[in-house]
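All residue numbers for the sequence shown refer to UniProt numbering, where the first residue is 1 and numbers rise by one. Here a beta-carbon is modelled for each residue, glycine too, at the ideal position from N, C-alpha and C. Remember, predicted model here, so these are calculated numbers, not experimental data. See below for the structure under consideration.
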Amino acid sequence: MPATGAARTALLTTFAMLAFASNSLLCRVALRDTAIDAATFTSIRLASGALVLWILLRSRGRQPLAAGSWPMAAMLFAYAVCFSFAYRDLTAATGALLLFGAVQLTMTAYGLFSGERLAGLRLVGVLVAIAGLVWLLLPGLSAPPYIAAALMLAAGLAWGIYSLLGRSAGDPTAATGGNFIRAVPFAAIVSLAVASQASPDPTGLIYAVISGAVTSGLGYVLWYAALPALSATSAATIQLCVPAIAALGGVVLLAEPITARLLFASAAILGGIALTIRK
């Protein structure tokens, strides 16, 4: 790859990973420090992302609903709503680690179901990653709340399925735009169902708009622009940095503590995944 092309890919990848980690930070700070409720945050996030992607696709002369599908939109919504409700009680670092671990294990499980075989270090990696998740969730003073942890694992499962469905969805930017637009009605239904408990805090709404329009909508566009220049293994490995960035941001920006349990679990989960996805 020419130097200019490599620099462009590196820049796009860096901003995309920062955007993905920022989703955890924005959701956590909104639900911790403002009065916005999780359903409203989800709806505004998806609607903002849909609007930005709709504008982007229309500027390219594309039909916004020409790509994507309702099953993918349902998985996108399931990820977003579980993500938001989980972050009411999880730190940014714990949430990102649970999410990322669940996504990778979901995709690995699908590979096994489809006939792939794990052996040697790849098998060790899966077992170590699972052990790390179990360690993180074991009862104790530093264990995350179980309902919140279960919701984040469900978010990771939904995102893993969304990613698997997206492998045959064609142009990823067009598919993402179509899926975001289709996901808005799902979010609207949830918001209407809990309308009596809605709390559209102004500051929280700003965080939701940034999460949807910038770190989700535009973040995915940057990532998809970088992906053609990356091997599948490189792309999977690079994403290992997302929980680490979220953890660092949680400590520096949100004053969240880092426990010994989280450090050991992070090393096991991320190290295990790195072994699993290596060539």
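Give me the residue from L230, R261 and C82 with the minimum Cα distance to A150. Out of L230, R261 and C82, C82 has the C-alpha closest to the C-alpha of A150.
Can you find at least 3 beta carbon pairs, one from the stretch 107-124 and one from the stretch 69-85, that sit closer than 8 Å? no
Determine, using beta-carbon pairs with one atom in the stretch 86-95 and one in the stretch 218-226, whether at least three such pairs fall under 8 Å. no
Answer yes or no: do G49 and G156 have a C-beta to C-beta separation smaller than 8 Å? no
Between G160, R62, L65 and T94, which has its C-alpha nearest A109's C-alpha? Distance from the Cα of A109 is smallest, within the candidate group G160, R62, L65 and T94, for G160.
For P144, name the three-state secondary structure that DSSP assigns. coil
Extent of the continuous alpha helix (DSSP H) run through L136: G120 to L137 is the extent of the alpha helix (DSSP H) around L136.
For L147, does the count of other Cβ atoms within 10 angstroms reach 16, so buried, or fall short, so exposed? According to the sequence provided, residue 147 is Ile. The question's Leu does not apply to it. That one is exposed.
Three-state secondary structure (DSSP) of L90: coil
Taking the alpha carbon of P202 as the reference point, which residue from A267, A35, G68 and V52 has its own alpha carbon closest? A35
With I44 and L205 assumed to form a contact (beta carbons below 8 Å), what rounded beta-carbon distance in angstroms separates them? 6 Å
For a test of the three-state rule: what should DSSP assign to L218, helix, strand or coil? helix
Going by Cα to Cα distance, which pick from P145, A183, P144 and V128 is closest to Y162? A183
Helix, strand or coil for I161? Go by DSSP, reduced to three states. Correct three-state label for I161: helix.
Under 8 Å between C-beta atoms of L275 and R122: yes
What do you get for A30, buried or exposed, if any count of 16 or more other CB atoms within 10 angstroms of its CB means buried? buried
Flag this pair as yes or no: are the beta carbons of L51 and I269 separated by less than 8 Å? no
Suppose you measure from the CA of R261 to the CA of G219; what does that come to, to the nearest Å? 30 Å
Using the C-alpha atoms, what's the distance from G250 back to F15? 18 Å
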